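Written out below as structure tokens is the structure these notes cover.
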Amino acid sequence: MKLYIAEGNPQCVKVLAALELTGVKCEIEAVSHEGERLYPSSLSHSKQKVPWYIISQLMSGHEHNGLFACLHRYLFDISGQKATDATNEWLEWEATSLQPAVLQSLHMVALQGKRVEAAAVMKEPLKWLEQSLSKINSSFLTAEAVSVADVVLWAALYPLLSDSCFDVGELRSVRGWFERVGDLAACQAAANRVLHGKGVEALKTFLQKHPATQTQRRDSPTNATEAEVAEHVITVEEIEEAAQIWSEGLKGSPAVTERKHPVLPQEGKRNMLLTSALPYVNNVPHLGNIIGCVLSADVFARYGRLRGWNLLYICGTDEYGTATENKAREEGLTPQEICDKYHAIHADIYKWFQIDFDFFGRTTTKQQTEIAQDIFWRLHERGFLLEDTVEQLRCESCQRFLADRFVEGECPHCRYPEARGDQCDKCGRLINAVELRNPQCKVCKETPVIRSSKHLFLNLPKLEDELEQWLDKSTSSGDWTVNARHITRSWIRDGLKPRCITRDLQWGTPVPHEDYKEKVFYVWFDAPIGYLSITANYTDQWEKWWKNPQQVELYNFMAKDNVPFHSVVFPCSLLGAQDNYTLVNHLIATEYLNYEDTKFSKSRGVGVFGDMAKDTGIPSDVWRFYLLYLRPEGQDSAFSWSDMALKNNSELLNNLGNFINRAGMFVSKFFDGCVPEMLLNEDDKRLIAQVRWELKQYIQLLDKVRIRDALKCILSISRHGNQYMQLNEPWKKIKGGDGDRRRAGTVTGVSVNVACLLSAVLEPYMPSVSHTIRQQLQAPHTCVSAILQNTGTFICTLPAGHRISAVSPLFQKLENEQIEVLRKRFGGQQAPSSAAETKPSTGAVHDASVNVNADPERAKQLTALVAEQGNKLRGLKAQKADKSVIDDEVEKLLQLKKQLSLAEGKNPEPAAQKGKKK
Numbered sequence: 001m002k003l004y005i006a007e008g009n010p011q012c013v014k015v016l017a018a019l020e021l022t023g024v025k026c027e028i029e030a031v032s033h034e035g036e037r038l039y040p041s042s043l044s045h046s047k048q049k050v051p052w053y054i055i056s057q058l059m060s061g062h063e064h065n066g067l068f069a070c071l072h073r074y075l076f077d078i079s080g081q082k083a084t085d086a087t088n089e090w091l092e093w094e095a096t097s098l099q100p101a102v103l104q105s106l107h108m109v110a111l112q113g114k115r116v117e118a119a120a121v122m123k124e125p126l127k128w129l130e131q132s133l134s135k136i137n138s139s140f141l142t143a144e145a146v147s148v149a150d151v152v153l154w155a156a157l158y159p160l161l162s163d164s165c166f167d168v169g170e171l172r173s174v175r176g177w178f179e180r181v182g183d184l185a186a187c188q189a190a191a192n193r194v195l196h197g198k199g200v201e202a203l204k205t206f207l208q209k210h211p212a213t214q215t216q217r218r219d220s221p222t223n224a225t226e227a228e229v230a231e232h233v234i235t236v237e238e239i240e241e242a243a244q245i246w247s248e249g250l251k252g253s254p255a256v257t258e259r260k261h262p263v264l265p266q267e268g269k270r271n272m273l274l275t276s277a278l279p280y281v282n283n284v285p286h287l288g289n290i291i292g293c294v295l296s297a298d299v300f301a302r303y304g305r306l307r308g309w310n311l312l313y314i315c316g317t318d319e320y321g322t323a324t325e326n327k328a329r330e331e332g333l334t335p336q337e338i339c340d341k342y343h344a345i346h347a348d349i350y351k352w353f354q355i356d357f358d359f360f361g362r363t364t365t366k367q368q369t370e371i372a373q374d375i376f377w378r379l380h381e382r383g384f385l386l387e388d389t390v391e392q393l394r395c396e397s398c399q400r401f402l403a404d405r406f407v408e409g410e411c412p413h414c415r416y417p418e419a420r421g422d423q424c425d426k427c428g429r430l431i432n433a434v435e436l437r438n439p440q441c442k443v444c445k446e447t448p449v450i451r452s453s454k455h456l457f458l459n460l461p462k463l464e465d466e467l468e469q470w471l472d473k474s475t476s477s478g479d480w481t482v483n484a485r486h487i488t489r490s491w492i493r494d495g496l497k498p499r500c501i502t503r504d505l506q507w508g509t510p511v512p513h514e515d516y517k518e519k520v521f522y523v524w525f526d527a528p529i530g531y532l533s534i535t536a537n538y539t540d541q542w543e544k545w546w547k548n549p550q551q552v553e554l555y556n557f558m559a560k561d562n563v564p565f566h567s568v569v570f571p572c573s574l575l576g577a578q579d580n581y582t583l584v585n586h587l588i589a590t591e592y593l594n595y596e597d598t599k600f601s602k603s604r605g606v607g608v609f610g611d612m613a614k615d616t617g618i619p620s621d622v623w624r625f626y627l628l629y630l631r632p633e634g635q636d637s638a639f640s641w642s643d644m645a646l647k648n649n650s651e652l653l654n655n656l657g658n659f660i661n662r663a664g665m666f667v668s669k670f671f672d673g674c675v676p677e678m679l680l681n682e683d684d685k686r687l688i689a690q691v692r693w694e695l696k697q698y699i700q701l702l703d704k705v706r707i708r709d710a711l712k713c714i715l716s717i718s719r720h721g722n723q724y725m726q727l728n729e730p731w732k733k734i735k736g737g738d739g740d741r742r743r744a745g746t747v748t749g750v751s752v753n754v755a756c757l758l759s760a761v762l763e764p765y766m767p768s769v770s771h772t773i774r775q776q777l778q779a780p781h782t783c784v785s786a787i788l789q790n791t792g793t794f795i796c797t798l799p800a801g802h803r804i805s806a807v808s809p810l811f812q813k814l815e816n817e818q819i820e821v822l823r824k825r826f827g828g829q830q831a832p833s834s835a836a837e838t839k840p841s842t843g844a845v846h847d848a849s850v851n852v853n854a855d856p857e858r859a860k861q862l863t864a865l866v867a868e869q870g871n872k873l874r875g876l877k878a879q880k881a882d883k884s885v886i887d888d889e890v891e892k893l894l895q896l897k898k899q900l901s902l903a904e905g906k907n908p909e910p911a912a913q914k915g916k917k918k
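Quick note: the sequence shown uses UniProt numbering, first residue 1, plus one each step.
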């Protein structure tokens with residue numbers, strides 16, 4: 001294994017200390033931090049079996065913190081020191097709470113000399129760490145022996161706490177623990193290698209190369225200062241203002257308005273039209289498709305409705321084209337029957353994921369034909385169409401011209417071997433299919449031939465000036481993601497060329513011109529018009545949305561590969577039609593979501609597809625949460641089963657669920673189900689101010705469609721709540737005198753109100769969980785709209801005397817065994833790694849644990865049943881159900897596991913255990 005480290009990178013202290021402590025053999029090479037990230041050319045072609053790790057310019061975004069955490073765990077794992085749940089929780093806290101504050105402080109100390117301000121940034125995380133350490137009876141974080149968590153936290157804090165001029169108060173427990181870990185030779189060696197005895201000064205050059213904006217806890221939605229973003233310092237004025245607003249309660253809150261269909265634009269309202277890129281009907285969507293389009297738009301739509309905006313969210317299946325024809329041929333159905341079948345599959349998937357469309361339609365309708373042909377004639381009459389003879393690829397074996405996506409070959413620009421006939425996925429450049437080198441028909445794998453055919457083109461160069469004027473206005477006034485702006489500008493920069501709008505196909509919207517009656521519209525001229533026709537199927541007053549740019553804001557949600565068609569091609573069609581069409585104001589594009597370390601593939605059985613998620617036994621709200629947590633906003637991200645379990649168990653179960661459940665349980669247990677009287681002191685008011693600030697950040701971020709960042713605000717609120725409870729310990733004070741009991745009542749009352757606020761901000765992300773919380777708390781119907789009005793208002797929605805309902809756990813732990821089963825199930829068909837695995841040597845003992853009578857389909861069903869039974873059992877244990885009931889359910893679970901083992905071709909009886917090494 002080889003490790004590349006950058007001189008002066010504070011993250012490298014952690015990794016080097018872990019290497020020293022575990023004794024893992026590794027070649028280390030220092031690299032300059034001034035160049036590009038280091039990816040050795042040998043890496044991509046290496047046949048070695050050991051992993052390579054590259055740490056050069058990686059800083060502290062959540063994604064990079066996750067990379068470092070995985071590396072630390074890996075080093076301890078291979079040395080035989082497995083990470084426990086407690087260790088993982090500490091690592092999660094370090095990555096999400098401690099590290100952002102540390103890096104912000106390092107910038108302030110090293111580059112600005114602001115030690116006092118930096119100490120203020122570190123106050124809250126160190127206060128929480130002090131409180132936690134004071135309750136631990138062991139020498140280190142999780143045991144008497146040092147763990148990966150100790151090394152990581154110590155290394156994160158070392159540059160600051162080893163600075164004698166950095167004053168963070170007494171912190172006896174933190175100082176004691178810090179010195180014990182620092183006494184380890186491994187830690188001393190790592191610190192000396194990176195800092196060279198110079199302290200924070202050694203990091204200065206590196207930090208200068210990495211601006212503070214890369215180290216913020218989350219991106220700043222405003223022009224906030226660095227310290228305010230990392231850990232906002234609450235002023236006295238803010239505390240008093242927050243307490244005053246809190247005390248006003250729900251009086252004068254806006255009434256809850258029910259959604260009435262059809263939703264139409266209203267005078268004086270903010271009228272918002274949302275679209276998700278139309279999914280191809282014949283493809284079952286995978287997790288990447290879901291987060292890139294429909295789920296992201298659903299979060300924003302739910303949020304907008306809660307904010308009182310007049311909002312219409314439409315989507316539907318894109319049903320025309322060669323892909324549908326081929327799918328129909330494969331399944332022995334007509335194209336329309338295929339569309340009907342798969343449209344229903346899509347609708348079921350989105351319903352399970354709780355996607356709340358106002359209307360989910362389709363493109364195979366008479367409205368699609370009418371509107372598409374009308375736009376065509378308007379373009380034709382105004383001289384924006386050209387006629388030309390083009391060379392196309394025709395497969396003689398299949399007896400058809402090949403649509404762009406049914407021919408593959410080598411890109412003429414970057415030599416990528418799997419470029420499509422319309423665009424290269426690697427370099428992103430548009431290409432004509434005849435330009436491909438070594439083209440191949442994707443259906444029969446034969447080499448196609450070039451034939452000529454007459455077609456119509458949209459004259460994009462003639463519309464370029466008008467397009468640029470519109471783009472300047474839209475991108476300057478609207479919220480366009482960075483990748484959407486970049487991709488669009490690259491198209492414009494390269495110069496627009498006429499774009500073919502007809503195809504030699506049968507299944508599509510017919511071209512209404514006599515000379516082209518045997519042709520249909522090209523899918524990327526036709527498909528975006530589906531937004532209009534789907535709206536027309538929803539209401540005959542569709543033009544109030546689509547021909548009303550003065551009153552309507554249009555949001556398009558998509559993955560980045562769809563950007564040019566929504567920012568250039570489709571707008572040019574509508575501009576050329578000259579019919580006062582509504583054009584996109586806000587274009588929201590994601591990067592790609594991959595699966596583990598590869599791509600989703602239905603044919604290879606790799607990855608989770610929409611119709612499979614519900615069979616895992618994991619609730620749809622948990623799927624929503626995790627997909628939104630790693631939403632690929634600035635760069636590609638990857639779904640990981642182990643990370644999903646970690647986020648579920650740490651963020652949902654231990655952070656969010658733990659706080660909300662404890663708040664409700666204390667009301668039920670200590671105060672007979674009634675919210676107690678709240679007499680606020682300075683600590684309570686400070687918490688209220690902190691929560692109010694996070695709420696304002698949440699609203700500012702979601703207003704700008706910063707969906708992932710806003711989710712982190714929710715988790716920060718519950719983290720503040722947990723710390724508040726831990727510091728005030730109402731479970732102890734309730735046993736004391738009258739003063740302590742009153743204090744316990746105040747802490748419990750404030751906490752349950754924070755839980756109610758969390759139900760409001762969770763609704764766009766986890767609607768079922770949000771509803772359950774409000775049911776348990778018997779929250780007023782107006783609480784959500786009251787909390788989310790204007791810039792965010794944290795008010796006392798559950799006053800003293802308010803009675804709550806029965807409280808139960810919101811989340812269940814994802815066990816390692818459950819995750820491993822799912823990882824294998826969705827990992828594709830694994831071939832044996834060697835002949836030795838399939839051909840036992842002569843005289844080898846027969847392995848009785850292997851059974852050739854496996855039933856994969858039955859195993860799939862039983863996996864879901866085991867997961868469901870496991871969740872049920874954990875729920876009963878959490879509710880402290882009667883032992884006899886739990887024993888019965890345990891027996892059921894064991895029987896299901898035995899059946900699963902048989903279905904997987906294994907012997908359900910455990911093999912004899914080998915003796916453990918002493």
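Just so it is clear, CB atoms sit at the ideal spot from N, CA and C, and this is done for glycine as well. Keep in mind that this is a model prediction, so the values were computed, not measured.
Could you tell me if A227 is buried or exposed, where buried requires 16 or more neighbouring beta carbons within 10 angstroms of its beta carbon? With a pLDDT of 36 at A227, under the threshold of 50, the modelled position of that residue is not reliable, and the figure given next carries that caveat. Classification for A227: buried.
Under the assumption that L593 contacts P632 (Cβ atoms under 8 Å), give the Cβ distance between them as a whole number of angstroms. 5 Å
Using the Cα positions of T791 and E543, report the straight-line distance between them to the nearest angstrom. 32 Å
Go ahead and label T590 buried or exposed: buried means 16 or more other beta carbons lie within 10 angstroms of its beta carbon, across all protein chains shown. Under the 10 Å beta carbon count, T590 is surrounded by 16 or more other beta carbons and is classified as buried.
Would you mind stating whether S97 and V121 have Cβ atoms separated by less than 9 Å? no
Apart from the five residues on each side of it in sequence, which residues of its chain come closer than 7 Å, Cβ to Cβ, to N654? E89
How should K49 be labelled, buried or exposed, when 16 other C-beta atoms within 10 angstroms of its C-beta is the threshold for buried? Confidence at K49 is low in this model, with a pLDDT of 33, below 50, so the placement of that residue should be treated as unreliable; the coordinate-derived value is given next. The residue in question, K49, is exposed, as its Cβ has fewer than 16 Cβ neighbours within 10 Å.
Let's test the definition: count the other Cβ atoms within 10 Å of the Cβ of G8 and tell me whether it reaches 16, buried, or not, exposed. Buried is the label assigned to G8, since at least 16 other Cβ atoms lie within 10 Å of its Cβ.
So does G176 have its beta carbon nearer than 8 Å to some heavy atom of the ligand ADP? Within the structure as shown, the ligand ADP is missing, as the structure has no ligands at all.
Given a cut-off of 9 Å on the beta-carbon distance, is the pair A536 and I371 in contact? yes
Proximity of L702 and P764 at Cβ, strictly below 9 Å: yes
Name the one or two DSSP bridge partners that H455 has. DSSP lists D388 as partners of H455.
Pick helix, strand or coil for E868, following the three-state DSSP scheme. helix
Less than 9 Å separating the beta-carbons of P279 and H346? Yes, these two residues count as a Cβ contact at 9 Å.
Go through its chain and collect everything with a Cβ distance to E248's Cβ below 7 Å, but skip five positions before and after it. Cβ neighbours of E248 beyond the five flanking positions: I795.
Between D472, G745 and S132, which lies nearest to A86 when the distance is taken from Cα to Cα? S132
Please report the distance separating the alpha-carbon of S768 from that of D621. Their Cα atoms are separated by approximately 7 Å.
Please tell me whether L402 and P335 are closer than 9 Å, where the distance is taken between their beta carbons. no
Using the C-alpha atoms, what's the distance from R719 back to E144? 27 Å
Leaving aside the five residues before and after A800 along the sequence, list all residues of the same chain whose C-beta is less than 7 Å from its C-beta, in chain order. V675, P676, E677, M678 and G749
In three-state DSSP terms, what is K732? helix
Give the secondary structure of V407 by DSSP, where H, G and I count as helix, E and B as strand, and everything else as coil. strand
Own chain partners of L385 with C-beta closer than 6 Å, once the 5 adjacent residues on each side are dropped: L379 and L456
So T322 is in the alpha helix (DSSP H); what residue range does that whole segment cover? T322 to E331
Please confirm whether C756 and L777 have their CB atoms less than 9 Å apart. Their beta carbons are under 9 Å apart, which means C756 touches L777 by this criterion.
Assigned exposure category for R172 - 16 Cβ within 10 Å defines buried: exposed
Sequence-distant residues of its chain with Cβ nearer than 7 Å to S640 (five each side left out): E596
Give every residue of the same chain whose Cβ lies closer than 7 Å to the Cβ of L460, excluding the five residues on either side of it in the sequence, and list them in chain order. Contacts found: L496, K497, P498, R499 and C572.
Determine the direct distance from the alpha carbon of N648 to that of R624, and round the result to whole angstroms. 11 Å
Contacting residues, own chain, Cβ-Cβ under 7 Å from N223 (five flanking each side not counted): With a pLDDT of 37 at N223, under the threshold of 50, the modelled position of this residue cannot be trusted; read the value that follows with caution. Within the same chain, N223 has no close Cβ partners at all.
Spell out a yes or no on whether the segment 687 to 707 and the segment 602 to 618 are touching, meaning 3 or more CB-CB pairs, one atom from each, closer than 8 Å. no
Report yes if the C-beta distance between A277 and H566 is below 9 Å; otherwise report no. yes
In angstroms with no decimal places, state the Cα-to-Cα distance between E325 and L333. 9 Å
Can you tell me whether DSSP reads T590 as helix, strand or coil? strand
Ordered list of alpha helix (DSSP H) runs contained in the UniProt domain "GST C-terminal" (80 to 206), each at least 4 residues: List check, alpha helix (DSSP H) in window: 85 to 93, 99 to 112, 115 to 134, 148 to 161, 172 to 182 and 185 to 195.
Please state if the CB of Y342 and the CB of V299 are separated by a distance shorter than 9 Å. no
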